[in-house]
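Asker: If you scroll down you'll find the structure; I have some questions about it.
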Amino acid sequence: MRKYRILIVENDEDELFFMKESFNESGLFDIIGDVKNGNTLFEWLSGKPAEALPDLILSDLNMPGKNGYDILAEIRENEHYAHIPVVITSTSSIKSVMEKCLQMGASDYLVKPESFIDYSSYAKDLYYRCSLKVPD
Numbered sequence: 046m047r048k049y050r051i052l053i054v055e056n057d058e059d060e061l062f063f064m065k066e067s068f069n070e071s072g073l074f075d076i077i078g079d080v081k082n083g084n085t086l087f088e089w090l091s092g093k094p095a096e097a098l099p100d101l102i103l104s105d106l107n108m109p110g111k112n113g114y115d116i117l118a119e120i121r122e123n124e125h126y127a128h129i130p131v132v133i134t135s136t137s138s139i140k141s142v143m144e145k146c147l148q149m150g151a152s153d154y155l156v157k158p159e160s161f162i163d164y165s166s167y168a169k170d171l172y173y174r175c176s177l178k179v180p181d
């Protein structure tokens with residue numbers, strides 16, 4: 046079973062804690078980093094050799110600084126990062142928001158669970174979706 050190298054962009058510390066805990070417990074992901082917003086994401090990515098880049102970026106949509114929309118726009122415009130799938134995650138299940146993210150180049154959009162204890166199934170759902178979209 047493939048283990049995806051994931052970089053998480055999440056500004057909420059509680060959300061991040063439960064995401065990381067569930068991802069680690071699932072054994073499906075190797076969390077190679079976490080950052081607070083798009084500004085720190087691009088600082089993290091800069092200067093990294095291709096082999097150190099993540100297989101997947103999981104980004105919150107609404108954050109201070111560069112948000113999920115900004116991340117999508119900048120990732121897709123940068124030849125060094127454009128190949129990295131970006132999954133946007135948010136508490137919003139508004140169809141127009143989801144469609145906008147997908148039109149901007151998101152590989153997928155995943156609604157966050159209503160409760161922190163539901164991150165176990167969230168991790169499995171993310172893995173399943175990645176297995177359909179992330180190239181080997």
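The sequence shown maps to residues 46 to 181 in the working numbering. No residue lacks a Cβ here, since even glycine has one placed at the ideal position from N, Cα and C. Given the structure is predicted, the values throughout are model-derived calculations rather than measurements.
Tell me whether residue 143 is buried or exposed, calling it buried when 16 or more other Cβ atoms sit within 10 Å of its Cβ.
Answerer: Locating residue 143 in the sequence shown gives position 98, where the first residue counts as 1. That one is buried.
Asker: Report yes if the CB atom of residue 219 is closer than 9 Å to the CB atom of residue 158, and no otherwise.
Answerer: The shown model of the chain, from 46 to 181, leaves out residue 219, and the question about it has no answer.
Asker: For residue 50, which of helix, strand or coil comes out of DSSP?
Answerer: One-based indexing of the sequence shown puts residue 50 at position 5. If DSSP states are grouped into helix, strand and coil, residue 50 belongs with the strands.
Asker: Among 64, 86, 154 and 69, whose alpha-carbon lies nearest the alpha-carbon of residue 115?
Answerer: Counting from one through the sequence shown, the residue named residue 115 turns up at place 70. Per the Cα distances, 86.
Asker: Which residues mark the beginning and the end of the beta strand (DSSP E) in which residue 76 is found?
Answerer: Along the sequence shown, one-based indexing puts residue 76 at 31. Residues 74-80.
Asker: Does DSSP put residue 126 in a helix, a strand or coil?
Answerer: Residue numbering aside, residue 126 sits at position 81 when the sequence shown is read from its first letter. Here residue 126 sits in coil by DSSP.
Asker: If distances are taken between C-alpha atoms only, which option among 120, 150, 121 and 107 comes closest to residue 134?
Answerer: Along the sequence shown, one-based indexing puts residue 134 at 89. Measuring from the Cα of residue 134, the nearest candidate turns out to be 107.
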